[in-house]
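Chains as they are written, first to last, in this note's numbering: chain A, 50 to 386; chain B, 50 to 386. Beta carbons are placed, not taken as given, at the ideal position from N, Cα and C, and that holds for glycine.
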């Protein structure tokens, strides 16, 4: 049985989404047990509205938490003052061994700060990172860091590479993941000093390091793990989100321009649906906070039940594949301990 | 009359593309005169194949250059050893006042290094930057630096903002361009020290500074000028190119899956064409190297004639609107000289 704590109160859409996602996940995965953390009365009421909730009595538990971390609250403040928040309590459950992982749609800064404070980093890891799969032509590319660390030392970038490689192998089943360092090709001396040095560390390691990659390589699929600092990674991710929305809007506008284009839309509907399904960001929801002594998954703030269930599934797979232990082992091996 | 030198030899597709673009530009803009720089015999032969070339005898001149800078040649090497390259000679013509701007599809590093060496930067500008318009929901967003400077001081970021604002006003007709500083919102302390300090410089300036923006804001259109260092800018640009190509491929695949989807494609064709036209990167071709005492435009390496003509048009507008002089004036004003 895999037991996961779900912060049911954070996120933009609140409790109903978490409850729907939890029930769908329990239905899909018989080996899963969930602890919903949040206002117990509200949770009970929400569950009462769903007939199938009773079916999972033995695998669904509630755990009361009296506070909620706001989406714009400062990480430091929430860490100091919200000791009974659903986010904090869910992470505490992982620390206490009552859950093997937790999932939250709460604010990233608070989640990272709290997870780091409560769970601590793995030996050999300076700072945890945020990693997520990105769709590519040939499958998925893992990218990290996506925003936890604005500035990184070469050693930290190297640690990110190790963590990414473990995840690519353990969760995505890639035998010898190809690791690339995100760089630019345009200016006189390629990249900055940190990247040059991180490249040397990687070339000397036992990882399958393929060298520098550029922004467009993320989507081509000739690399399995793209390593960068959190500033660059976050900008690349948000830029992609923005472009995706722009293209979707342009498509919608062109297909609804007049009677003729609306007729075309009618004929093209099944194809457009298949296309939408393929690029649906909900199926890529669930970023992993790697480098901690425990598994913490961040769901997108405005995730719906489908997306939130994807994040729970990412947690399930990380537990199943013992990601933290494997990172620890590979790191120890590469550092020659 | 606006006289522009065209490096006709660089770029992945070489001379025929430059010649076609030149003729189309001369036809579209009666006030334009072009100097094609490159192997004179080859240029003459290429022009001889096109009947309409004769019509522009008075506005089309050839200028021989015996060498070509390779697309992967090091900037330092091309600067030292290729003094008779088409790229170098085209820039020399600007320096000598025989042309008011030049356009090249050659390698960015070499173009930037040569332009900086020959033309020098404007007073008050430490380093030139690469700027280009990006499509947005409400029109276009100018973004800089796109790859000339991997690391930037707060003062350089401030200078980029001034240059972007001038371009937005002069070339794109935006009265009081909204300037944003690219940052991330996810981690504990927003952004790094450089960005914090650049933000203060901008807040104290007379620019219409709207504060920090994130990656997705580039495409939303609530900001006219997005300022970032060249590393981040280049990654954002290349990432967008990669995602654009991925989406185009997914759409193609879905529409050609079987007989039914191919029928749908037939009905949707006019709409898909209109969509493609709207996101056609060729119309956004032509990045400006700003901050120099002269106008240099970089065309995409694999630009076709349509795209290359867009780049020539960017040069035409920059000359028409006296961009370098305006940058100098606004900078002097903001530095209180």
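Self-check item: Contact list for residue 340(A) against chain B, beta-carbon separation under 7 Å
Solution: Under the 7 Å cutoff, chain B gives no residues; its nearest Cβ is about 14 Å from residue 340(A).
Exercise. Count the other C-beta atoms from every protein chain shown that fall within 10 angstroms of the C-beta of residue 182(B), then say buried if there are 16 or more, exposed otherwise.
Key: buried
Quiz prompt | Rounded straight-line distance, which links the Cα of residue 277(B) to that of residue 128(B) | solution = 27 Å
Exercise. Measure the alpha-carbon distance for residue 370(B) versus residue 217(B) and round it to whole angstroms.
Key: 11 Å
Quiz item: For chain A, is any of its Cβ atoms less than 9 Å away from the one on residue 170(B)?
Solution: no
Self-check item: Residue environment, residue 226(A), which counts as buried when at least 16 other CB atoms sit within 10 Å
Solution: buried
Quiz item: Per DSSP, what kind of secondary structure is residue 202(A) in: helix, strand or coil?
Solution: coil
Exercise. Taking 9 Å as the cut-off, decide whether the C-beta atoms of residue 52(A) and residue 148(A) are in contact.
Key: yes
Self-check item: Interfacial residues, the segment 278-308 of chain B to chain A, with Cβ spacing under 8 Å
Solution: 279, 280, 281, 283, 284, 285, 286, 287, 288, 289, 290, 291, 292, 293, 294, 295, 296, 298, 299, 300, 303, 304 and 306
Quiz prompt | residue 119(A) versus residue 280(B): straight-line alpha-carbon distance, rounded | solution = 33 Å
Quiz item: Is the number of C-beta pairs between the segment 183-196 of chain B and the segment 253-270 of chain B that are closer than 8 Å three or more?
Solution: yes
Quiz item: Straight-line CA distance for residue 244(B) to residue 374(B)?
Solution: 27 Å
Quiz item: Apart from the five residues on each side of it in sequence, which residues of its chain come closer than 6 Å, Cβ to Cβ, to residue 175(B)?
Solution: 205
Quiz prompt | Neighbouring residues, chain B, relative to residue 231(A) (Cβ below 8 Å) | solution = 284
Exercise. Determine the burial state of residue 112(B): buried for a count of at least 16 other Cβ atoms within 10 Å of its Cβ, exposed for fewer.
Key: buried
Practice problem: Kindly say whether residue 265(B), judged by its beta-carbon, lies nearer than 9 Å to any beta-carbon of chain A. | Solution: yes
Exercise. Spell out a yes or no on whether the segment 143-163 of chain B and the segment 51-68 of chain B are touching, meaning 3 or more CB-CB pairs, one atom from each, closer than 8 Å.
Key: yes
Practice problem: Answer with buried or exposed for residue 194(A), where buried requires no fewer than 16 other C-beta atoms within 10 angstroms of its C-beta. | Solution: buried
Practice problem: Please state whether DSSP places residue 120(A) in a helix, a strand or coil. | Solution: coil
Practice problem: Name the two residues that bound the continuous alpha helix (DSSP H) containing residue 69(B). | Solution: 64-77
Exercise. Would you be able to state if there are at least three C-beta pairs under 8 Å between the segment 160-172 of chain B and the segment 140-147 of chain B?
Key: yes
Quiz item: Since residue 51(B) is in the beta strand (DSSP E), which residue starts that stretch and which ends it?
Solution: 51-56
Practice problem: Rank 379(B), 180(B) and 88(B) by C-alpha distance to the C-alpha of residue 138(B) and give the top, closest one. | Solution: 88(B)
Quiz item: For residue 331(A), which residues from the same chain have a beta carbon less than 8 Å from its beta carbon, with the 5 sequence-adjacent residues on both sides left out?
Solution: 352, 353, 355, 356 and 359
Quiz prompt | Contact belief for residue 124(B) with residue 97(B) at Cβ below 8 Å, rounded distance in angstroms | solution = Contact flag wrong, Cβ pair sits at about 34 Å.
Exercise. Please report how far the alpha carbon of residue 349(B) lies from the alpha carbon of residue 251(A), in whole angstroms.
Key: 32 Å
Quiz item: residue 110(B) CB to nearest chain A CB: under 9 Å?
Solution: no
Quiz item: Using a C-beta cutoff of 9 Å, does residue 236(B) count as contacting chain A?
Solution: Model confidence at residue 236(B) stands at a pLDDT of 44, short of 50, so the residue's coordinates are unreliable and nothing is read from them.
Quiz item: Hey, out of 93(A), 323(A), 260(A) and 82(A), whose CA is closest to residue 105(A)'s CA?
Solution: 82(A)
Quiz item: Excluding sequence positions up to five away, which residues of its chain have a Cβ less than 7 Å from the Cβ of residue 377(A)?
Solution: 171 and 172
Exercise. Go through its chain and collect everything with a Cβ distance to residue 234(A)'s Cβ below 6 Å, but skip five positions before and after it.
Key: 263
Practice problem: Answer yes or no: does any C-beta atom of chain B fall closer than 9 Å to that of residue 202(A)? | Solution: no
Self-check item: As assigned by DSSP and simplified to three states, the class of residue 269(A)
Solution: helix
Quiz item: So which residues of chain A does residue 269(B) contact, with C-beta pairs closer than 7 Å?
Solution: 291
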